[in-house]
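Enquirer: For the sequence shown, our numbering assigns the number 8 to the initial residue and increments by one for each residue that follows. Even for Gly, the Cβ is constructed at its ideal location relative to N, Cα and C. What follows is a structure written as structure tokens; I'll ask about it next.
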Amino acid sequence: MKTAKLPIIVAEISKYGKQIDTAQIEATAKLIYQAQRIFIAGAGRSGFAARGFANRLMQLGLIVYFVGETTTPAIQSGDLLLIGSGSGSTSSLVIDAKKAKQIGTQVALLTIYPDSEIGQLANCMIEIPGGTPKNESADTDTANSEQPMGTLFEQLSWLTYDALVMELMDLTGETDETMFARHANLE
Numbered sequence: 008m009k010t011a012k013l014p015i016i017v018a019e020i021s022k023y024g025k026q027i028d029t030a031q032i033e034a035t036a037k038l039i040y041q042a043q044r045i046f047i048a049g050a051g052r053s054g055f056a057a058r059g060f061a062n063r064l065m066q067l068g069l070i071v072y073f074v075g076e077t078t079t080p081a082i083q084s085g086d087l088l089l090i091g092s093g094s095g096s097t098s099s100l101v102i103d104a105k106k107a108k109q110i111g112t113q114v115a116l117l118t119i120y121p122d123s124e125i126g127q128l129a130n131c132m133i134e135i136p137g138g139t140p141k142n143e144s145a146d147t148d149t150a151n152s153e154q155p156m157g158t159l160f161e162q163l164s165w166l167t168y169d170a171l172v173m174e175l176m177d178l179t180g181e182t183d184e185t186m187f188a189r190h191a192n193l194e
């Protein structure tokens, strides 16, 4: 008899989600709230989760851009670059983080590996359990997952972004109703 896969995924999310530090989420939410503008970056599937987060930030009434889009302006001091990168060493994201730091921009990171190259540049970080075959550091994986590649990190990133949204709702006074007023009406 085959083992059902969905309960495995739910169990992993439950087990490792409890390991994400609430204080790191709260600190990152405050950094987002204080930023003039928020620039979100991520590659691959981590980037898809980050795009969903950018959408929610817009619905919160914040000024947000996704790095690489043609309508994304220049980042400036007073802005925040938030990067989602399991490895913390994706070359294009390392370049973005270095550029932001040179300009005087704060950098926040969601990652598996806090000692990664981007981790060393970050002002604020949320450590997310997981593993990735793209790990270029000597750090060991922080979770044992039956799911392929970096899937657990991507799932927990999505949920962490949602926790950040809830923290930001408290900070901004936004509600489901006020956010829905900013929901896309050209679909």
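Can you tell me where the beta strand (DSSP E) holding residue 182 begins and where it ends?
Expert: That residue, residue 182, is in no beta strand (DSSP E); it is neither H nor E in DSSP.
Enquirer: For my contact list, residue 39 and residue 171 are in at a C-beta cut-off of 8 Å; report their separation, rounded to the angstrom.
Expert: Indeed, because the Cβ distance is near 7 Å, the residues count as touching under 8 Å.
Enquirer: Would DSSP call residue 118 helix, strand or coil?
Expert: Note: residue 118 maps to strand in three-state DSSP.
Enquirer: Starting from residue 196, follow the beta strand (DSSP E) in both directions and report where the run begins and ends.
Expert: With the chain running from 8 to 194 in the structure shown, residue 196 is simply not present.
Enquirer: Can you grab the Cα-Cα spacing for the pair residue 155 / residue 165, in whole Å?
Expert: The alpha-carbon atoms of residue 155 and residue 165 are separated by roughly 17 Å.
Enquirer: Do the CB positions of residue 181 and residue 68 come within less than 9 Å of each other?
Expert: Yes, the pair counts as a contact, with Cβ atoms nearer than the cut-off.
Enquirer: Quick check on DSSP: helix, strand or coil for residue 191?
Expert: Coil, per DSSP.
Enquirer: Should the region 16-31 be called in touch with the region 70-85, which here means at least 3 C-beta pairs below 8 Å?
Expert: Contact fails: fewer than three Cβ-Cβ distances are below 8 Å.
Enquirer: Considering Cα atoms alone, identify which of 114, 162 and 135 is closest to residue 16.
Expert: With distances taken between Cα atoms, residue 16 lies closest to 162.
Enquirer: Scan the region 74-134 and note each continuous alpha helix (DSSP H) run of 4 residues or more that stays entirely inside, going in chain order.
Expert: Complete alpha helix (DSSP H) runs here, min 4: 98-110 and 124-128.
Enquirer: Can you list, in chain order, the residues of its chain whose CB lies under 6 Å from that of residue 43, leaving out five sequence neighbours each side?
Expert: Excluding residues within five positions, the ones whose Cβ falls inside 6 Å are 85 and 86.
Enquirer: Going by DSSP, what residue range makes up the beta strand (DSSP E) through residue 49?
Expert: Residue 49 -> beta strand (DSSP E) spans 45-49.
Enquirer: Along the chain, where does the alpha helix (DSSP H) that runs through residue 37 open and close?
Expert: Residues 29-41.
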